[in-house]
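To start, the structure itself, in structure tokens.
There are 2 protein chains.
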Amino acid sequence: MSANLRDVARQAGVSVGTVSNVLNRPDVVSPKTLERVQKTIAELGFVPNGFARQLRSGYSRTIGLVVTDVANPFFTEVARGVEDAASKRDYAVFLCNSDESLEKENKYLSVLIQQQVRGVLITPSDSKSHQYENLRERGISVALLDTETKNSSQCSVSVDDVRGGEIAIEHLTSLGHREIVWVTGPDTIPQVIDRTTGVMRAAKVTKADISTVRVPLMNSAQGVDAAKKILALKKMPTAIFCANDLLAFGVMRGLLDAGIRIPEDVSLLGYDDIAFGNSAAVPLSSISQPAYQLGVTAAELLISECEEHEVHAHQQIKFQPQLVMRASTATKK
Amino acid sequence: MSANLRDVARQAGVSVGTVSNVLNRPDVVSPKTLERVQKTIAELGFVPNGFARQLRSGYSRTIGLVVTDVANPFFTEVARGVEDAASKRDYAVFLCNSDESLEKENKYLSVLIQQQVRGVLITPSDSKSHQYENLRERGISVALLDTETKNSSQCSVSVDDVRGGEIAIEHLTSLGHREIVWVTGPDTIPQVIDRTTGVMRAAKVTKADISTVRVPLMNSAQGVDAAKKILALKKMPTAIFCANDLLAFGVMRGLLDAGIRIPEDVSLLGYDDIAFGNSAAVPLSSISQPAYQLGVTAAELLISECEEHEVHAHQQIKFQPQLVMRASTATKK
DNA sequence: CTTATGAATTGAATCGTGTCAATTCTTTGA
DNA sequence: TCAAAGAATTGACACGATTCAATTCATAAG
Numbered sequence: 098m099s100a101n102l103r104d105v106a107r108q109a110g111v112s113v114g115t116v117s118n119v120l121n122r123p124d125v126v127s128p129k130t131l132e133r134v135q136k137t138i139a140e141l142g143f144v145p146n147g148f149a150r151q152l153r154s155g156y157s158r159t160i161g162l163v164v165t166d167v168a169n170p171f172f173t174e175v176a177r178g179v180e181d182a183a184s185k186r187d188y189a190v191f192l193c194n195s196d197e198s199l200e201k202e203n204k205y206l207s208v209l210i211q212q213q214v215r216g217v218l219i220t221p222s223d224s225k226s227h228q229y230e231n232l233r234e235r236g237i238s239v240a241l242l243d244t245e246t247k248n249s250s251q252c253s254v255s256v257d258d259v260r261g262g263e264i265a266i267e268h269l270t271s272l273g274h275r276e277i278v279w280v281t282g283p284d285t286i287p288q289v290i291d292r293t294t295g296v297m298r299a300a301k302v303t304k305a306d307i308s309t310v311r312v313p314l315m316n317s318a319q320g321v322d323a324a325k326k327i328l329a330l331k332k333m334p335t336a337i338f339c340a341n342d343l344l345a346f347g348v349m350r351g352l353l354d355a356g357i358r359i360p361e362d363v364s365l366l367g368y369d370d371i372a373f374g375n376s377a378a379v380p381l382s383s384i385s386q387p388a389y390q391l392g393v394t395a396a397e398l399l400i401s402e403c404e405e406h407e408v409h410a411h412q413q414i415k416f417q418p419q420l421v422m423r424a425s426t427a428t429k430k
Numbered sequence: 098m099s100a101n102l103r104d105v106a107r108q109a110g111v112s113v114g115t116v117s118n119v120l121n122r123p124d125v126v127s128p129k130t131l132e133r134v135q136k137t138i139a140e141l142g143f144v145p146n147g148f149a150r151q152l153r154s155g156y157s158r159t160i161g162l163v164v165t166d167v168a169n170p171f172f173t174e175v176a177r178g179v180e181d182a183a184s185k186r187d188y189a190v191f192l193c194n195s196d197e198s199l200e201k202e203n204k205y206l207s208v209l210i211q212q213q214v215r216g217v218l219i220t221p222s223d224s225k226s227h228q229y230e231n232l233r234e235r236g237i238s239v240a241l242l243d244t245e246t247k248n249s250s251q252c253s254v255s256v257d258d259v260r261g262g263e264i265a266i267e268h269l270t271s272l273g274h275r276e277i278v279w280v281t282g283p284d285t286i287p288q289v290i291d292r293t294t295g296v297m298r299a300a301k302v303t304k305a306d307i308s309t310v311r312v313p314l315m316n317s318a319q320g321v322d323a324a325k326k327i328l329a330l331k332k333m334p335t336a337i338f339c340a341n342d343l344l345a346f347g348v349m350r351g352l353l354d355a356g357i358r359i360p361e362d363v364s365l366l367g368y369d370d371i372a373f374g375n376s377a378a379v380p381l382s383s384i385s386q387p388a389y390q391l392g393v394t395a396a397e398l399l400i401s402e403c404e405e406h407e408v409h410a411h412q413q414i415k416f417q418p419q420l421v422m423r424a425s426t427a428t429k430k
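Top to bottom, those sequences are chains A and B.
Be aware that the first sequence starts at 98, since it is given in the working numbering, and climbs by one per residue.
Be aware that the second sequence starts at 98, since it is given in the working numbering, and climbs by one per residue.
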């Protein structure tokens with residue numbers, strides 16, 4: 098068994114309190130005691146027991162990151178940002194994957210509570226959840242990631258998804274498209290709600306005609322399904338806007354397989370601007386979000402909230418999305 | 098502040114011991130007490146304090162997962178598998194990203210020791226590392242992921258990379274190619290070593306001529322660089338085999354931009370068979386690995402090693418890679 | 001109505017560290 | 001040499017769940 102504080106104390110001929118001081122407040126210990134104790138620590142290969150330490154202090158140096166889909170490169174990019182920022186401040190990260198399911202999300206939140214994380218960064222899979230208050234009551238900070246909060250009692254780092262939806266429709270209509278299909282996920286997902294709002298708002302201004310194709314999950318397999326639904330429509334649109342790039346990849350595959358040309362027959366626009374976009378069959382135009390930056394900012398904000406709880410002021414940071422034009426969108430013929 | 102065992106006990110009118118039994122050995126508690134206590138637990142929203150539990154039992158319910166690149170969809174797929182399997186056994190996962198750097202790897206291992214993880218799953222970024230013994234001495238189980246071990250004192254779950262390299266070259270030579278470029282990463286990475294061995298072995302048998310292009314990291318940006326190097330060669334190869342799909346994507350982009358046609362001018366083969374492969378500009382032929390299964394198996398093996406330490410027999414599980422043919426490889430003209 | 005037996009419950013001791021009031025030691029100035 | 005102030009050290013208690021020997025309760029048999 099490995100040595101504990103008491104062993105070190107006995108060996109060095111001092112009390113446990115002194116050994117603890119050597120570790121945590123070396124300045125109050127006399128130089129020669131300090132040296133002797135440190136030597137003993139080294140000799141015994143003593144490493145403080147993290148459980149006991151954290152049990153006593155009440156705080157861990159871990160945070161939880163709950164995202165809706167780790168397989169989505171957008172979120173891995175975000176996760177990298179979170180991890181880098183956390184690691185810089187000596188925090189470890191639990192990565193949890195809710196798969197857009199509220200049930201899985203709640204399950205992971207319980208696990209995180211048990212692990213006594215200091216804070217949680219979460220991309221909500223549903224626009225309303227009560228669990229967060231539950232976490233706060235336990236002294237666990239919560240910050241929203243990639244979602245805006247109306248509620249100023251929490252931090253959030255997001256991208257202006259309403260604006261993103263608008264930019265998309267403005268782009269497509271500026272190319273002459275009026276018949277547009279909006280391919281999206283469940284309308285319980287906050288991002289979906291906001292992007293839809295932007296789409297509809299811009300459509301009203303530009304007099305575009307939007308039909309919605311909704312799928313239960315926002316991955317590329319579902320995109321293929323969406324393509325089938327689009328092909329079955331009475332009237333083919335001249336442009337398609339997808340709620341994320343994964344959907345767009347699936348739609349692209351479905352359409353190309355059916356002999357539809359992109360962008361000649363139909364323009365296709367994605368959202369997220371993931372790295373694979375320009376390696377795609379038709380390089381994908383997309384609405385870009387600063388994913389890595391989003392992660393870094395969120396982690397820094399959360400950790401600052403954890404550590405400077407009294408002076409911390411909640412912030413709602415909002416980044417702006419940007420249009421990235423590639424080959425998949427073109428003027429209507 | 099959140100409720101603890103004592104609060105629950107008081108509220109339910111029983112002793113702390115009984116509440117503990119309700120949680121850990123429900124069979125010894127009478128049905129009606131069980132029900133009453135469980136109701137109280139729910140009412141108070143009680144979640145046991147992991148630290149205290151772990152302090153007493155000496156063990157945590159967390160494992161660490163160290164991969165070389167989370168941004169690589171192959172590893173996210175592996176991570177999903179690990180997470181699902183771990184979660185099924187009530188373990189939480191720390192995800193760490195070594196970026197193929199031994200330094201970062203060691204740093205994360207220290208963090209994991211501090212967090213008192215029960216076990217670590219690791220994809221080594223270097224073929225030799227002493228840290229693992231260090232972990233074992235502290236009672237932390239270690240299993241190798243996506244890497245084989247010669248050493249039978251540890252578990253490993255891997256794919257036969259030597260065979261993967263062979264399959265690749267056999268495929269390309271069967272299409273008539275003899276001038277092949279092997280695009281790969283640093284020869285300190287175990288997978289690179291094995292795949293190279295397979296490549297060279299098959300090349301000898303099939304009399305293929307292999308030239309190696311080596312890049313420092315195995316991502317798609319480096320693939321673009323590799324393409325430049327290939328274009329600068331005295332003699333263009335007729336086929337290119339890349340150590341992973343990300344590299345292949347980069348090479349593809351680099352070549353297409355230079356006006357080289359795939360597969361008419363040159364065949365291109367990747368490794369990993371990531372999901373984006375068939376959405377690529379030219380659907381990518383690749384060597385497929387059972388990523389999700391790899392993760393699930395590794396996590397189960399590790400947890401079994403942690404929990405049944407005495408009866409546990411170390412296993413080296415090896416999956417077989419498979420060729421997936423798409424459009425990027427074709428017979429030599 | 002006892003007594004024996006097994007089931008259910010109790011609560012004090014424990015894990016290893018941090019904290020802090022109390023104590024001891026050292027130094028300084030008169 | 002002594003008192004006072006400051007520095008260093010001590011050690012009991014707390015954190016919250018688990019464990020297990022001891023106790024109480026319930027049931028059935030005699």
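Glycine included, C-beta positions come from ideal geometry on N, C-alpha and C.
At least one CB of chain A closer than 8 Å to the CB of residue 390 of chain B: is that the case?
-> no
Original post:
In the stretch 206-229 of chain A, which residues sit with their C-beta less than 7 Å from some C-beta in chain B, listed in chain order?
Top reply: 207, 208, 210, 211, 212 and 213
Exercise for the section: Within the same chain, show all residues whose beta-carbon is closer than 6 Å to that of residue 328 of chain A, passing over the 5 residues directly before and after it, in chain order. Expected result: 355
_Across the stretch 304-316 of chain B and the stretch 270-288 of chain B, are there enough close Cβ pairs to call them in contact, namely three or more that are closer than 8 Å?_
yes
### Message
Under 8 Å, Cβ to Cβ, is there at least one residue of chain B near residue 102 of chain A?
### Response
no
* In three-state DSSP terms, what is residue 335 of chain B? -> coil
| query | Using the C-alpha atoms, what's the distance from residue 321 of chain B back to residue 241 of chain B? | reply | 31 Å
Checklist entry - If residue 315 of chain B sits next to residue 344 of chain B, beta carbons under 8 Å apart, how far is it from one beta carbon to the other, in whole angstroms? => result 6 Å
Q. How should residue 360 of chain A be labelled, buried or exposed, when 16 other C-beta atoms within 10 angstroms of its C-beta is the threshold for buried?
A. buried
- prompt: Nearest-angstrom Cα distance between residue 215 of chain A and residue 272 of chain B?
  reply: 57 Å
Where the stretch 166-177 of chain B meets chain A: residues whose CB sits under 8 Å from a CB there: 167, 168, 170, 173, 174, 176 and 177
Anyone know if the C-beta pair for residue 190 of chain B and residue 192 of chain A falls short of 8 Å?
yes
- Query: Is the distance from the Cβ of residue 244 of chain A to the Cβ of residue 238 of chain A below 8 Å?
  - Reply: no
*Does residue 111 of chain B get closer than 8 Å to chain A when you measure Cβ to Cβ?*
no
Check: What are the residues of the stretch 175-194 of chain B that lie near chain A, defined by any Cβ-Cβ distance shorter than 8 Å?
Finding: 176, 177, 180, 184, 187, 189, 190, 191, 192, 193 and 194
- Query: If we cut at 8 Å on Cβ distances, does residue 231 of chain A have a partner in chain B?
  - Reply: yes
Margin query: Whole angstroms are fine: how far does the CA of residue 246 of chain A sit from the CA of residue 291 of chain A?
Written below: 12 Å
Segments of 4+ residues assigned as alpha helix (DSSP H) that fall wholly inside the stretch 260-330 of chain B:
287-303 and 317-328
Report yes if the C-beta distance between residue 376 of chain A and residue 422 of chain A is below 8 Å; otherwise report no.
no
Check your understanding: What residue does the alpha helix (DSSP H) around residue 229 of chain A start on, and which one ends it?
Key -> 228-234
- Query: Leaving out five residues before and five after residue 284 of chain A in sequence, what residues of the same chain have Cβ atoms less than 8 Å from its Cβ?
  - Reply: 290, 293 and 311
Review point. Ordered along the chain, which non-local residues of its own chain (more than five positions away) have a Cβ less than 6 Å from that of residue 438 of chain B?
Key: Outside the displayed span of chain B (98 to 430) sits residue 438 of chain B, for which this structure offers no information.
Worksheet item: Do residue 196 of chain B and the ligand ZN come close, with the Cβ less than 7 Å from some heavy atom?
Response: Ligands displayed in this structure: none; no statement on the ligand ZN is therefore possible.
Margin query: Could you compute how far the alpha carbon of residue 301 of chain A sits from the alpha carbon of residue 260 of chain A?
Written below: 14 Å
To the nearest whole angstrom, what separates the beta carbons of residue 364 of chain B and residue 336 of chain B, a pair I think is in contact under 8 Å? 4 Å
Would you call the CB atoms of residue 187 of chain A and residue 153 of chain A closer than 8 Å?
no
key: For residue 160 of chain A, three-class secondary structure by DSSP   = strand
| message | Just to confirm the assignment, what range does the alpha helix (DSSP H) spanning residue 391 of chain B have? | response | 388-404
In the stretch 140-157 of chain B, which residues sit with their C-beta less than 9 Å from some C-beta in chain A, listed in chain order?
142, 144, 145, 146, 147, 148, 149, 150, 151, 152, 153, 155 and 157
Q. What distance in whole Å lies between the Cβ atoms of residue 362 of chain A and residue 384 of chain A, which are believed to be in contact at a cut-off of 8 Å?
A. With a Cβ gap of about 22 Å, residue 384 of chain A and residue 362 of chain A do not count as contacting.
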